[in-house]
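**Q** In the working numbering, the protein residues as written are 1360 to 1614.
Given below as structure tokens:
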């Protein structure tokens, strides 16, 4: 069997081409596949379409690719904390599909499970289901592309909206521990969107802080089985960033 272990993040992302779709794990800056994102930024790959909870912050995480102008479209549930994101969106340089967070999570899971679409009550009676959300602005501030209306249906007297599953060409995820077969373990809240993004990728690339041999992870401790992972890179301990640091007045004065 061909080894899933790649010698570097650069080697693991080498075949991600222009126009590729990416499902990316992480929540804010927690559990982001930073080494894989940086390796992709070091290449000339552009015109990317990203599915992720958010788009990092300025200069960190997906914010690196965004700042380089490499991302064409983003499907996300939260886009705060990133001034360049707001600038590109309002200037008509970036297409953005906002979706409820739970819906995004289920769209990724559904795609990975082979479910093409599902009904949910989230967003019914709002522009999420009725259409009209500005996906892309024109340079003059008018709406160039708006979201279309979605199919709705009544079940047991309650209306639901049809949402489609997500499949991406590649998925980029971060795990605390992985074995060489591709079984992954995530650290606490760093689990967030990582297993869901991994499921949605046709080729899933996992950066792991600690790489072990098969059998060294208790089967009961596996969060994501190896069937969803095609490539593994041992990147070592992550240089974890903090989005916003708040200290007390007393602590701040003492520094």
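We treat Cβ as the ideally placed atom computed from N, Cα and C, and that holds for glycine.
Short of 7 Å in beta carbon distance, which residues of its chain neighbour residue 1576, apart from the five on each side in sequence? Order them along the chain.
**A** Cβ neighbours of residue 1576 beyond the five flanking positions: 1536, 1538, 1542 and 1544.
**Q** Less than 8 Å separating the beta-carbons of residue 1590 and residue 1371?
**A** Yes; because the gap between Cβ atoms is below 8 Å, this pair is in contact.
**Q** Excluding five sequence neighbours on each side, which residues of the same chain lie with their C-beta closer than 7 Å to the C-beta of residue 1387?
**A** Counting only Cβ-Cβ distances below 7 Å, and skipping sequence neighbours, we find 1413 and 1602.
**Q** Let's test the definition: count the other Cβ atoms within 10 Å of the Cβ of residue 1572 and tell me whether it reaches 16, buried, or not, exposed.
**A** Answer is exposed; the Cβ neighbour count stays below 16.
**Q** How big is the Cα-Cα spacing for residue 1364 and residue 1500?
**A** Looking at the two C-alpha atoms, the distance is approximately 47 Å.
**Q** With respect to the beta strand (DSSP E) encompassing residue 1528, which residues constitute its N-terminal and C-terminal limits?
**A** That run of the beta strand (DSSP E) goes 1527–1538.
**Q** Might you give, ordered along the chain, the residues of its own chain that have their beta carbon closer than 6 Å to the beta carbon of residue 1482, omitting 5 neighbours on each side?
**A** Answer for residue 1482: 1459, 1488 and 1520, listed in chain order.
**Q** Check this for me: beta carbons of residue 1581 and residue 1563, under 8 Å apart or not?
**A** The answer is no: Cβ separation not under 8 Å.
**Q** Leaving out five residues on either side along the sequence, give the residues of the same chain with a beta carbon under 8 Å from the beta carbon of residue 1484.
**A** The residues are 1518.
**Q** In its own chain, which residues sit with a C-beta less than 8 Å from the C-beta of residue 1478, not counting the 5 before and 5 after it?
**A** Within the same chain, residue 1478 has close Cβ partners 1512, 1514, 1519, 1520, 1521 and 1522.
**Q** Leaving aside the five residues before and after residue 1374 along the sequence, list all residues of the same chain whose C-beta is less than 7 Å from its C-beta, in chain order.
**A** Here the set comprises nothing.
**Q** Quick check on residue 1465: does DSSP put it in helix, strand or coil?
**A** Three-state DSSP puts residue 1465 in a helix.
**Q** Among all the DSSP beta bridges, which residues are the ones paired with residue 1479?
**A** Residue 1479 is bridged to 1520.
**Q** Hey, out of 1393, 1384, 1451 and 1419, whose CA is closest to residue 1409's CA?
**A** It is 1384.
**Q** What is the rounded straight-line gap between the Cα of residue 1491 and the Cα of residue 1456?
**A** The straight-line gap from Cα to Cα measures roughly 11 Å.
**Q** Classify residue 1406 as buried or exposed, calling it buried when 16 or more other Cβ atoms lie within 10 Å of its own Cβ.
**A** Residue 1406 should be labelled exposed.
**Q** Starting from residue 1451, follow its DSSP beta bridges and name the residues at the other end.
**A** Beta-bridge pairing links residue 1451 to no other residue.
**Q** Kindly list the residues whose CB is nearer than 8 Å to the CB of residue 1445, restricted to its own chain and excluding five residues on each side of it in sequence; keep chain order.
**A** Around residue 1445: 1438.
**Q** In angstroms, rounded to a whole number, what distance separates the CA positions of residue 1497 and residue 1552?
**A** Cα to Cα, residue 1497 sits roughly 31 Å from residue 1552.
**Q** Enumerate in chain order the residues of its own chain whose CB-to-CB distance from residue 1503 is below 7 Å, with the five nearest sequence positions on each side excluded.
**A** If we look at residue 1503 and ignore the five residues flanking it on each side, its Cβ neighbours are 1451, 1495, 1496 and 1497.
**Q** Under the three-state reduction of DSSP, which class applies to residue 1444: helix, strand or coil?
**A** Helix, per DSSP.
**Q** So what does residue 1474 bridge to, in DSSP terms?
**A** Answer by DSSP bridge pairing: none, since residue 1474 is not bridged.
**Q** Quick one, which of 1400, 1605, 1440 and 1469 has its alpha-carbon nearest residue 1428's?
**A** Residue 1400 is the option with its Cα nearest to residue 1428.
**Q** Would you call residue 1598 buried or exposed, if buried means 16 or more other Cβ atoms sit within 10 Å of its Cβ?
**A** Under this definition residue 1598 is an exposed residue.
**Q** For the putative contact between residue 1566 and residue 1592, defined by C-beta atoms under 8 Å, what is the C-beta separation to the nearest angstrom?
**A** About 5 Å; that satisfies the 8 Å criterion.
**Q** Tell me the DSSP secondary structure of residue 1434 in three-state form.
**A** The answer is strand: DSSP assigns residue 1434 an E or B state.
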